[in-house]
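Asker: Take a look at the following structure, please.
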Amino acid sequence: MKFTIVLLACFVGIAFSDDAANQLVDQVVDALKTQKGFDPMHVGKHTTELDRKIGLVTFKGKLIIKDATVTGLSRAARVGDAKIHNENGDFVATLELGDSDVKMHSNIELIVGLIQSHLTLDVDIGKLQIMFSAGLAAEGPSVKDFHIDEFEAVRIHVHGLGPLDPIIDIIGDAIITLANSQVREMISTMMRPIIESEVKKFLQNTTPAPAF
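Note that the sequence shown covers residues -17 to -1, 1 to 195 in mature numbering (1 follows the signal peptide of the UniProt record, and there is no 0).
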């Protein structure tokens, strides 16, 4: 499944060519690939209480997600050209990174009533959007805003579920919750300082094109 990161960067009062925008996103990608813990990315243990009625049956129990690992992030590469345009005096760059095989694998323990199952889980991670704005402050170039959108397209494969197959939706919701909390937070923690560093170097080392 395609993995996409869209970076929206606002460079206040500065104009750059599309080639310069491509240079920025390439620098960010290269810097990310060298970071320890980026690929594979290990996610901490996560426990979810289950209490949901499906049809006439109420399922109560616990789902423990452990040894979760996200792989494939280091294969990210820019897709197409980054675009910069003038919008109300701000310069907005749209940058896309793509990869075809970002996944999360985990062992899970499912406890429902007297049933205790040890299962394996594979998740195909779809589109991920990261938005940041950058501009010139008194202390120099800086990232002003940073936000990662929630995961939108996630495909979940649970192996060994057997008679508990009806609760696949419950497991899916728990996995998406984990991805949209711990995984996004880990990516944010790792990416924000890298983006800020690369933006600073980009603005300091690149000669801007004439402003519109």
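Beta carbons: idealized from backbone N, C-alpha and C, even for Gly.
Looking at serine 100 and aspartate 50, is the spacing between their C-beta atoms short of 8 Å?
Answerer: If you number the sequence shown from 1, residue 50 lands on position 67. If you number the sequence shown from 1, residue 100 lands on position 117. Not closer than 8 Å, so no.
Asker: What residues in its chain sit with their C-beta under 8 Å from that of alanine 162, if we drop five residues either side in the sequence?
Answerer: Locating residue 162 in the sequence shown gives position 179, where the first residue counts as 1. Only Met87, Val106, Ile108, Phe134, Val137 meet the Cβ criterion.
Asker: Nearest-angstrom Cα distance between aspartate 64 and asparagine 5?
Answerer: As a working note, residue 64 is residue 81 in the sequence shown. As a working note, residue 5 is residue 22 in the sequence shown. C-alpha separation (whole angstroms): 6 Å.
Asker: What are the residues that DSSP puts in a beta bridge with asparagine 5?
Answerer: In the sequence shown, residue 5 corresponds to position 22, counting from 1. DSSP lists no partner for asparagine 5.
Asker: Check for me: the beta strand (DSSP E) holding threonine 52 runs from which residue to which?
Answerer: Here residue 52 corresponds to residue number 69 of the sequence shown, with the count starting at 1. Segment 40 to 54, the beta strand (DSSP E) holding threonine 52.
Asker: Sorted by chain position, which residues of the same chain lie with C-beta nearer than 6 Å to glycine 72's C-beta, five sequence neighbours on each side aside?
Answerer: Indexing the sequence shown from 1 puts residue 72 at position 89. Caution is warranted here: a pLDDT of 43 is assigned to glycine 72, below 50, making its placement in the model unreliable, and the coordinate value is therefore given only provisionally. Cβ within range, chain order: n/a, list empty.
Asker: Three-state secondary structure (DSSP) at glutamate 179?
Answerer: Against the sequence shown, residue 179 aligns to sequence position 196. It is helical.
Asker: Is it true that the CB of valine 95 sits closer than 8 Å to the CB of leucine 33?
Answerer: Taking the first residue of the sequence shown as position 1, residue 33 is located at position 50. Taking the first residue of the sequence shown as position 1, residue 95 is located at position 112. Against a cut-off of 8 Å, the Cβ pair of valine 95 and leucine 33 comes out as a contact.
Asker: Going straight from the alpha carbon of aspartate 2 to that of arginine 61, what length do you get?
Answerer: The residue given as residue 2 occupies position 19 in the sequence shown. The residue given as residue 61 occupies position 78 in the sequence shown. Near 13 Å, if we compare the C-alpha coordinates of arginine 61 and aspartate 2.
Asker: Need the endpoints of the alpha helix (DSSP H) that isoleucine 159 sits in, please.
Answerer: On the sequence shown, position 176 is the one that residue 159 refers to. Where isoleucine 159 is concerned, the enclosing alpha helix (DSSP H) stretches over 151 to 161.
Asker: Near isoleucine 150, what residues of its chain come up, given a Cβ to Cβ distance below 6 Å and the 5 sequence neighbours on each side ignored?
Answerer: By one-based count along the sequence shown, residue 150 stands at place 167. Phe42.
Asker: Is it buried or exposed for leucine 39, if we count other Cβ within 10 angstroms and need 16 for buried?
Answerer: The residue given as residue 39 occupies position 56 in the sequence shown. So leucine 39 ends up on the exposed side.
Asker: Contact defined as beta carbons within less than 8 Å: I believe leucine 46 pairs with isoleucine 154. What is the distance between those atoms, to the nearest angstrom?
Answerer: Within the sequence shown, numbered from 1, the residue matching residue 46 stands at position 63. Within the sequence shown, numbered from 1, the residue matching residue 154 stands at position 171. Confirmed, about 6 Å.
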